[in-house]
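*Asks:*
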Amino acid sequence: MANTINSALIVDTVAELSLTSLSNRLAGLANFSSDFSADVKRPMDVVQVALSTAGSTTLTNPTSFNSIGASTLGATAVTLAHLYQPFGLSYADIQNGIRLEKILKINMDKLADSIWAAATAPITVANFGAATVTGADSTVTPGSAQLRALWAGVSKAGRKTLIVNPGIYSQLIPTSTTGLPLSAGAYGFDGGVFYANLFPSEANLSGFACSSEAVALASAAPSFENVGADFLVSEVVPIEGLGISVYYNVWSDPTTRNLVGSMELMFGANKGITTGTIASVYSA
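All residue numbers for the sequence shown refer to this note's numbering, where the first residue is 130 and numbers rise by one.
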């Protein structure tokens, strides 16, 4: 009897892990300006992402109601790259839910790190200026002057978010409870407090406070035009609450007879408004 692939198990496992892994790891990206679509794009394609730069003047006791105001929308060009996370599979892996989950989980974590690295690549001294805070991770604590300086650096932002490395994030864990109350509004950051494992764009960058206009993100679907018929399994996995979709495929390598899996998407980032939108912390 020919081997068969339990595609229903794959779909269920991928969907569940997208909720528990990718959704949690990437939740902070919802606080940037974005254009996430299912359009098919190729590497180096450009997406124009809208940025809100000014709102209308509030009127007091108006006598005329036919004005639409003067809100201002700008745009920034985001160049897409193909993020591709490959991994090997055996038939036993695919048929066994626990083994499949372990393989998917570790590769989803790697993909999440790559997405965060791409999303924060525009955050550099060249784009946003010198560090607001310089110091060790241990100095950024609740109530510290360093944390207050980060908040003050983006005080005019309509929505403030704090994104830091694991070292600083661990300093914000309260010691009086077993919970992690880092939900929206924590420490005055109404966008929430999040962590990324690394910020490869700048040496010694430990984190930043930001407004949503600081960085523009875009995502799209990769092109499978010439290979789609060869996939044994091909699924689109939406990341809940973000609008990003990850594309999961399984196919057989005719040369080695191995099964190959991948998670992939088109993704890119660019600087948005650079004045008063980022307050960064560097370790040195």
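Note that CB positions come from ideal geometry on N, CA and C, so glycine has one too.
(1) For residue 216, report the span of its beta strand (DSSP E) as first-last.
(2) Nearest to residue 240 by alpha carbon, out of 386, 374, 381, 388?
(3) Helix, strand or coil: which one does DSSP assign to residue 173?
(4) Ignore the nearest five residues each way along the sequence and tell me which others in residue 312's own chain have a CB closer than 7 Å to its CB.
(5) Beta-carbon within less than 6 Å of residue 345's beta-carbon, same chain only, minus the 5 sequence neighbours each way: which residues are those?
(6) Helix, strand or coil for residue 319? Go by DSSP, reduced to three states.
(7) Based on the DSSP secondary-structure assignment, which residues constitute the bridge partners of residue 394?
(8) Compare the beta carbon distance of residue 257 and residue 236 with 9 Å and say whether it is the shorter of the two.
(9) At 3 residues or longer, and completely inside the stretch 331-407: list those beta strand (DSSP E) runs for me, N to C.
(10) Alpha carbon to alpha carbon, what distance is there between residue 255 and residue 330?
(11) Compute the distance between the beta-carbons of residue 407 and residue 252, then report whether it is under 9 Å.
(12) Can you tell me whether residue 232 is helix, strand or coil according to DSSP?
(13) Determine the extent of the beta strand (DSSP E) in which residue 292 is found, giving its start and end residues.
(14) Between which residues of its own chain and residue 160 is the CB-CB distance below 6 Å, once the five residues before and five after are set aside?
(15) For residue 264 and residue 292, I'd like the C-alpha separation in whole angstroms.
(16) State the Cα-Cα distance for the pair residue 370 and residue 281, rounded to the nearest angstrom.
(17) Go ahead and pull the three-state DSSP assignment for residue 165.
(18) What residue does the alpha helix (DSSP H) around residue 257 start on, and which one ends it?
(19) Between residue 213 and the rest of its own chain, which residues show a CB-CB distance below 7 Å, the 5 nearest in sequence each way excluded?
*Replies:* Reading from the atomic positions:
(1) In the DSSP assignment, residue 216 falls within the unbroken beta strand (DSSP E) covering 210-218.
(2) Considering only alpha carbons, the answer is 374.
(3) Of the three classes helix, strand and coil, the one that applies to residue 173 here is coil, per DSSP.
(4) The pLDDT assigned to residue 312 is 49, lower than 50, so where the model puts this residue is not dependable, and the model offers no usable value.
(5) 162, 178, 205, 207, 399, 401.
(6) In the structure shown, residue 319 sits in coil (DSSP, three-state: anything other than H, G, I, E or B).
(7) Its beta-bridge partners are 212.
(8) No, these two residues do not count as a Cβ contact at 9 Å.
(9) The qualifying runs are 334-339, 344-350, 360-367, 374-381, 388-400.
(10) Approximately 11 Å between the Cα atoms of the pair.
(11) Closer than 9 Å, so yes.
(12) Three-state DSSP puts residue 232 in a helix.
(13) In the DSSP assignment, residue 292 falls within the beta strand (DSSP E) that extends over 290-293.
(14) Contacts found: 290, 320, 341.
(15) If I take the Cα positions, the gap works out to 16 Å.
(16) Rounded to the nearest angstrom, the two C-alpha atoms are 28 Å apart.
(17) Secondary structure of residue 165 (DSSP, three-state): strand.
(18) Note, residue 257: alpha helix (DSSP H), 254-257.
(19) So the list reads 391, 393, once near-sequence residues are dropped.
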